[in-house]
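Here the structure comes first, spelled out in structure tokens, and everything after it is commentary.
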Amino acid sequence: MKQQIRTLLQQALDSLKQSGALPGDASPTIQIERSRDPAHGDFASNLAMMLAKTAHRKPRDIAEDLMAALPASEHVVKVEIAGPGFINFHLSQRAFQAVVPSILEAGEHYGRSRLGAGKRVQVEFVSANPTGPLHVGHGRGAAYGATVADLLAAMGFEVHREYYVNDAGRQMDILAASVWLRYLELAGEDLPFPVNGYKGDYVWDVAAKLHRENGDRLRHAWSKIASSLPADETDGGDKEKYIDAVITQAKTLLGAKDYRFIFDTGLDYILADIRDDLAHFNVNYEQWFSERSLTESGAVERAIERLEKSGHVYEKEGAKWFRSSDFGDEKDRVLVRDNGQSTYFASDIAYHMDKLERGFEQVIDIWGADHHGYVPRVKAAMQALGDDPDKLDVLLVQFAVLYRGGEKMQMSTRSGQFVTLRQLRKEIGSDAARFFYVMRKCEQHMDFDLDLAKSRSNDNPLYYIQYAHARICSVFRQREEKKLSYDQAAGLQQLARLTEKHEQALLSSLSRYPEVLEAAALNHEPHQLAHYLRELANDYHTYYNAHPFLVEDADLRQARLALIQSVKQVIANGLGLLGVSAPESM
RNA sequence: GCGCCCGUAGCUCAGAUGGAUAGAGUACCGCCCUCCGAAGGCGGGGGUCACAGGUUCGACUCCUGUCGGGCGCACCA
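For reference, each letter of the first sequence is one residue, going 5 to 590 in the numbering used here.
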């Protein structure tokens with residue numbers, strides 16, 4: 005609809021430029037918006053005001069000329085100039101009624117477009133360390149990332165969803181050591197658990213599996229292990245040095261092969277758990293990308309070499325540094341430590357190099373806001389590699405604070421006292437979690453009210469929307485019971501009967517859906533869709549209360565049922581994109 | 001100290017690339033079920049858009065500064 009008006013204005017603009025009424029170089033992007041106030045028509049453009057400066061003429065005079073040059077259109081019934089120079093368009097009722105057949109014909113495809121056709125986009129999200137179950141902080145990233153990906157797919161982009169698995173590095177070594185120690189305890193060893201170890205119950209689970217399947221094969225006497233360990237923090241020592249020593253002991257006593265076996269047992273177990281968790285959250289990936297594979301394939305080495313060749317690497321104190329400060333980072337960063345091990349950052353450079361080598365036109369990373377300081381160095385690396393840093397879009401997701409009974413829920417990751425995503429799903433359900441996470445824009449600190457999310461009441465915006473859908477289904481069930489006829493094709497013939505104010509409002513909202521989807525997708529703002537659906541549901545509930553649908557007048561009934569059928573379709577489409585169900589009854 | 005994000009109604013939040021009197025929900029008050037699900041609808045009060053300057057036809061939106069809140073500033077991932 006917007007597009008049609010844009011075309012009309014463009015033609016008017018062109019003809020004015022040709023006749024010399026406007027300078028030939030005046031070619032602003034034509035902005036069209038929905039009028040807020042019905043008195044201002046259905047659509048408005050500020051084109052005349054945009055032209056005022058370059059044309060050196062008064063906005064209202066330009067608007068007069070534009071209006072005169074506007075080609076006739078069957079849908080536009082009135083055009084007028086208002087305020088400082090707005091051009092307001094009043095559309096015919098028929099123009100809005102036409103949205104019903106277009107929805108019913110397109111069905112679940114209504115609102116989708118081919119805007120991104122042929123473009124490949126990679127979306128990487130969650131990517132939490134596989135050292136434990138996902139918690140509610142990851143949940144927001146999961147819901148947001150999945151929705152952004154689905155929205156882009158709805159715009160025709162070829163979307164590749166990816167989870168970067170940090171299956172290398174110290175944190176994973178700590179996990180492996182933790183698993184081993186729990187295993188030793190199960191095998192009968194009596195030992196103090198490290199202050200810095202992972203203490204969650206899931207570590208016991210992995211250890212139990214290990215013990216069940218391997219017996220005492222991996223057992224070593226604690227007395228022997230402890231003989232070369234420094235003091236832990238509880239004994240006045242350093243917890244970091246202690247855990248590192250435990251890891252070293254594990255590697256030495258078990259040997260590389262068995263150590264790797266324990267390491268992988270923990271990794272596989274937790275990864276399977278995360279995968280299962282996300283699947284139940286309606287979040288799925290095309291690929292799980294292993295960090296370790298970057299080292300094994302030589303990609304890390306290759307990335308460092310490329311940086312060296314372009315002269316952005318220097319050595320200092322035995323380590324290799326990347327001169328990221330040349331590219332706007334606040335300081336230089338280590339790529340290879342003095343002990344010869346490459347850093348996580350080096351892997352990440354290799355990973356992003358790999359992403360671009362795979363030919364994605366756009367790469368989207370979704371990170372927790374606490375990693376924001378990381379953005380400049382990754383972009384710096386891309387630039388140093390000769391890649392375009394603008395191909396990378398980093399979207400930062402703020403934390404969500406949970407509230408229960410009006411109380412803020414405190415959680416600390418270290419002690420293992422955090423609410424997991426799984427617990428959240430069980431408590432409030434996947435639908436509510438997906439919807440609430442995405443209801444706020446991602447850079448907003450969010451208050452997540454658990455009581456509200458699970459309340460079956462009108463305060464809950466998700467229930468409000470789902471209820472509208474269920475109510476429509478209920479009307480159709482009633483129709484069958486009352487044996488009233490409904491024929492979609494007949495309904496489409498009677499759309500001219502939809503003249504009530506509430507019907508007009510509903511038609512207008514329905515016609516907005518494609519615009520909302522496009523804006524939500526391109527701006528990476530799923531909340532726009534969530535808000536829209538609430539408004540649409542509101543239009544429906546209002547209509548429902550004002551007019552009966554199952555009326556005696558068969559033609560009117562057909563028309564109204566066709567209308568609410570298209571409302572049902574749009575609600576289902578919208579909720580589907582948010583990863584939320586549209587129940588037929590509740 | 002430096003950097004990033006945020007600061008809109010009592011509370012939770014929208015305000016698309018600057019546009020016509022700043023909007024929802026919730027809470028509070030009043031109304032609407034012999035009628036398709038009242039998990040609903042209608043009406044009402046409630047704001048110096050943190051503060052101060054600046055840019056222009058026009059600023060919640062852009063720029064600068066101040067105040068307040070969050071988060072970062074590792075040879076951890």
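Glycine included, each C-beta is placed from N, C-alpha and C at the ideal position.
Check: Could you tell me which residues DSSP puts in a beta bridge with D369?; Outcome: E128 and V398
Check: Going by C-alpha distance, which of G390, P63, A48 and G111 is nearest V80?; Outcome: A48
Check: Closest to N288 by C-alpha separation, out of E166, L400 and K487, would be which residue?; Outcome: E166
Check: Under 8 Å between the Cβ atoms of E365 and R124?; Outcome: yes
Check: As an exercise, report each continuous beta strand (DSSP E) stretch of at least 3 residues that is fully enclosed by the region 44-87, in chain order.; Outcome: 47-49 and 80-86
Check: What number of angstroms, rounded off, separates the C-alpha of Q175 from the C-alpha of T135?; Outcome: 7 Å
Check: Quick one: Cα of E595 to Cα of I85, how far?; Outcome: In the structure as shown, the chain begins at 5 and stops at 590. Residue 595 is therefore absent and cannot be evaluated.
Check: How is the alpha helix (DSSP H) around F349 delimited, first residue to last?; Outcome: Y348 to E361
Check: Between which two residues does the beta strand (DSSP E) containing L406 stretch?; Outcome: A404 to R408
Check: Please report the straight-line C-alpha distance between I368 and D358, rounded to a whole angstrom.; Outcome: 14 Å
Check: Got a sec? Which residues, its chain only, sit under 6 Å from M159 by beta carbon, not counting five neighbours each side?; Outcome: S117, L119, G120 and A525
Check: In the structure shown, what three-state DSSP assignment does S419 receive?; Outcome: Per-residue confidence for S419 stands at a pLDDT of 49, beneath the threshold of 50, marking its modelled position as unreliable; no derived number is given.
Check: Whole angstroms are fine: how far does the CA of Y517 sit from the CA of G111?; Outcome: 13 Å
Check: Classify K486 as helix, strand or coil using the three-state DSSP reduction.; Outcome: coil
Check: Pull up the CB-CB distance for L214 and R438, whole angstroms please, since I reckon it's below 8 Å.; Outcome: About 35 Å; that fails the 8 Å criterion.
Check: Verify whether the separation of the beta carbon atoms of E37 and D171 is less than 8 Å.; Outcome: no
Check: Could you tell me the boundaries of the alpha helix (DSSP H) in which H1 lies?; Outcome: For the chain, the structure presents residues 5 to 590; residue 1 sits outside this window and is missing.
Check: Name the DSSP bridge partner or partners of E162?; Outcome: R124
Check: Reducing DSSP to helix, strand and coil, say where E37 ends up.; Outcome: strand
Check: Compute the distance between the beta-carbons of Y468 and H506, then report whether it is under 8 Å.; Outcome: no
Check: H94 lies in the beta strand (DSSP E); which residues open and close that run?; Outcome: F90 to L95
Check: Among H449, E447 and S461, which residue has its Cα nearest to the Cα of A436?; Outcome: S461
Check: Give me the Cβ distance between P137 and Y202, rounded to the nearest whole Å; I'm assuming they're in contact under 8 Å.; Outcome: That pair is no contact at about 11 Å.
Check: On the CB-based measure, 16 or more other CB atoms within 10 Å of its CB, does E529 come out buried or exposed?; Outcome: buried
Check: Nearest to R107 by CA position, among A586, M590 and A576, is which residue?; Outcome: First, the residue type needs correcting, since residue 107 is Ile and not Arg in the sequence shown. For I107, the nearest C-alpha among the options comes from A576.
Check: Let's test the definition: count the other Cβ atoms within 10 Å of the Cβ of D352 and tell me whether it reaches 16, buried, or not, exposed.; Outcome: buried
Check: Mind checking whether R501 and A550 have CB atoms under 8 Å apart?; Outcome: no
Check: Measuring alpha carbon to alpha carbon, tell me which residue in A59, L13, P105 and D374 is nearest L496.; Outcome: P105
Check: Rounded to the nearest angstrom, how far is the Cβ of L89 from that of R64, given a contact under 8 Å?; Outcome: The question names Leu, but residue 89 in the sequence shown is Gly. About 5 Å; that satisfies the 8 Å criterion.
Check: In or out: A235 buried (at least 16 other Cβ within 10 Å) or exposed?; Outcome: exposed
Check: Quick one, are the C-beta atoms of L95 and V83 less than 8 Å apart?; Outcome: no
Check: Could you please give me the residues that DSSP links to A323 through a beta bridge?; Outcome: K320
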